[in-house]
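full-length UniProt numbering puts the first residue of the sequence shown at 1, with every later residue one more than the last. Where is the CB? At the ideal position from N, CA and C, for every residue including glycine. Small disclaimer: the values here were computed from a predicted structure and weren't measured. Accompanying notes for the structure given below.
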Amino acid sequence: YNRTLAKIMVRYASAVYLDDSASLLKWNCSRCNGVIKDFHVTALVIFLFFFLQAFVGVSESLHAIVIAFRGTQENSMANWMEDLYFKELDLNYPGTKDAKVHHGFYSAYHNTSMRASIMAAISYIEQTRHGLKYMVTGHSMGGALASFCALDLIVNYKVSTDDVEIVTFGQPRLGNTVFAKFFSKHLPRAIRMTHGHDMVPHLPPYLSFLGARSYHHFAREVWITTLSIGILTFEYERVCDSSGEDPTCSR
1 YNRTLAKIMV RYASAVYLDD SASLLKWNCS RCNGVIKDFH VTALVIFLFF
51 FLQAFVGVSE SLHAIVIAFR GTQENSMANW MEDLYFKELD LNYPGTKDAK
101 VHHGFYSAYH NTSMRASIMA AISYIEQTRH GLKYMVTGHS MGGALASFCA
151 LDLIVNYKVS TDDVEIVTFG QPRLGNTVFA KFFSKHLPRA IRMTHGHDMV
201 PHLPPYLSFL GARSYHHFAR EVWITTLSIG ILTFEYERVC DSSGEDPTCS
251 R
């Protein structure tokens, strides 16, 4: 776990929430170049029907293509969270026996124009830039889309496992145990940042008595929480175990 990298990626995950397309494309918004000054946006991808947004660009300091996905907007958060409480695992992940995922998350990336537009932007960059790695990020539902994108790069576009890294913030569960293991096998450099008071990482619920039919997080979680000693309060990070569902962390 690279804390410095996580602090950089959260800037991208925050910036992609902005509705000001012009400042995002120029990378001169308040959340943009204040800390990250060597990033150039190649494409801003918007799918209005589901309020989805992402950007693709190049970070010179990371020597990487950065792909950032926006999370759920406040005006649709209530319905989305209600759906997460009751949504069953309802889609087999293609090409992987017994791996099941949340149809809504999968479809938001794979079955909209988001995927084609993002891959077109990557292809455009790689016409003139070679040897770049891939850094993928997102917050909340954006973390779910980022996860499917990172896996897509490796499984379907045959990018090396060593060249893709993902850092998400407060993302929900995506699929069952089989899918979580499949994900971790292909993306060993995956970090899920969670916060002690965030509800979204607990959705859809993990129900151990359901076995393989329950949702299950992929590893590795880094849990940010607070510790109080007398009148003093400290915030600290805990790197959780490789199970994806460490009972001593946010679960």
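Is it buried or exposed for L48, if we count other Cβ within 10 angstroms and need 16 for buried? Around the Cβ of L48, a 10 Å sphere holds fewer than 16 other Cβ atoms; the residue is exposed.
Quick one, are the C-beta atoms of G244 and F218 less than 8 Å apart? Cβ distance < 8 Å, so G244 and F218 count as in contact.
What separation, rounded to the nearest whole angstrom, lies between the Cα atoms of R11 and Y206? R11 and Y206: Cα-Cα distance of roughly 29 Å.
For K181 and V16, I'd like the C-alpha separation in whole angstroms. Straight-line Cα distance between these residues: approximately 29 Å.
Considering only C-alpha positions, which residue in the set D98, M199, F183 is nearest to M141? Closest option to M141, Cα to Cα, is M199.
Taking DSSP's pairing of strands, which residues face M135 in a bridge? DSSP output for M135 lists V66, E165 as bridge partner(s).
Restricting to Cα atoms, I'd like to know which of V159, A99, L174, G131 is closest to G143. Looking only at V159, A99, L174, G131, the smallest Cα-Cα distance to G143 is reached by L174.
E126 bridges to which residues according to DSSP? Answer by DSSP bridge pairing: none, since E126 is not bridged.
Beta-carbon separation of G170 and T137 under 8 Å? No, the pair does not count as a contact, with Cβ atoms beyond the cut-off.
Are L91 and R213 touching if we call contact CB-CB under 8 Å? Result no, Cβ atoms of L91 and R213 do not sit closer than 8 Å.
Starting from I154, follow the alpha helix (DSSP H) in both directions and report where the run begins and ends. Counting along the chain, the alpha helix (DSSP H) containing I154 begins and ends at 141-155.
Can you tell me whether A22 is buried or exposed, with buried defined as 16 or more other CB within 10 angstroms of its CB? With fewer than 16 other Cβ atoms within 10 Å, it is exposed.
Can you list, in chain order, the residues of its chain with a C-beta nearer than 7 Å to that of L5? Leave out the 5 residues immediately preceding and following it. Counting only Cβ-Cβ distances below 7 Å, and skipping sequence neighbours, we find V167.
Given a cut-off of 8 Å on the beta-carbon distance, is the pair R220 and V239 in contact? Yes, the Cβ-Cβ distance between R220 and V239 is below 8 Å.
Determine whether the beta carbon atoms of V222 and H186 lie at a separation below 8 Å. No.
Please check the pair F55 and A68, which I expect to be a contact at CB under 8 Å, by giving their CB distance rounded to whole angstroms. With a contact defined as Cβ atoms closer than 8 Å, F55 and A68 qualify at about 6 Å.
Tell me whether A219 counts as near the ligand COA, meaning its Cβ is closer than 7 Å to at least one heavy atom of that ligand. Among the ligands in the structure shown, none appear at all, so the ligand COA cannot be discussed.
Taking just the CA atoms, how far does H197 sit from K133? The straight-line gap from Cα to Cα measures roughly 33 Å.
In terms of residue numbering, what span does the beta strand (DSSP E) encompassing I232 cover? Residue 232 is actually Leu in this sequence, not Ile. Per DSSP, the continuous beta strand (DSSP E) segment holding L232 begins and ends at 232-239.
Based on the DSSP secondary-structure assignment, which residues constitute the bridge partners of H40? For H40, which the question treats as bridged, DSSP gives the partners V58.
Assuming contact is defined by CB atoms lying nearer than 8 Å, are I8 and I36 in contact in what I supplied? Yes, they are a contact pair.
Q127: buried (16+ other C-beta within 10 angstroms of its C-beta) or exposed? The residue is exposed, with fewer than 16 neighbouring Cβ atoms inside 10 Å.
Taking DSSP as the reference, what is the three-state secondary structure of K158? Note: K158 maps to coil in three-state DSSP.
Can you tell me which of the three DSSP states G104 falls into? Assigned with DSSP and collapsed to three states, G104 falls in helix.
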